[in-house]
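As structure tokens, the structure follows; a few thoughts come after it.
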Amino acid sequence: MAKTAYDVVIRPIITEQSMEDVDIKKYVFQVAKDANKVEIKKAIEEIFDVTVIKVTTTNVHGKVKRQGRFPAGKTASWKKAVVKLSADSKNIELFEGMS
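Sequential numbering from 781 applies to the sequence shown in the working numbering.
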């Protein structure tokens, strides 16, 4: 079964650090763990109708957390993608008005 663009891009990451780069057209997304840079680029371009010039990815490992004394668990591991848009590309509206 072929992956759709919405299977590749899971959600935007909206943090203080990620909002600083919005003015230089860098956006951060959580993406599928098995997605590669080419798939991420095509998915972002399809969903938001923008031109992507660079994609960098990072695997974020889960942290050990515990509640109470013994049952130490782990948060889920996930993949982060930082997408750089071309200068003539429009902004992604999802991030507008938050910075």
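The beta-carbon is built from N, C-alpha and C at its ideal position, and this holds for glycine as well. None of the values given here were measured: they were computed from a predicted structure.
- Annotated three-state conformation of I827 is helix, per DSSP.
- Judged by DSSP in its simplified three-state form, K821 adopts helix.
- Linking I794 to V840 through their CA atoms gives a straight-line distance of about 16 Å.
- Judged by their CB atoms, A861 and V835 are nearer to each other than the 7 Å cut-off.
- Annotation: V788 is outside any beta strand (DSSP E); the continuous alpha helix (DSSP H) that includes it extends over A785 to V788.
- Pairing T855 with K845 gives a Cβ-Cβ distance under 7 Å.
- In this structure V832 does not touch V808 by the C-beta definition: roughly 13 Å separates them, more than the 8 Å allowed.
- Annotation: the continuous beta strand (DSSP E) that includes Q810 extends over K806 to V811.
- Between Q810 and I827 a beta carbon distance of about 14 Å is seen, past the 8 Å cut, so the two are scored as non-contacting.
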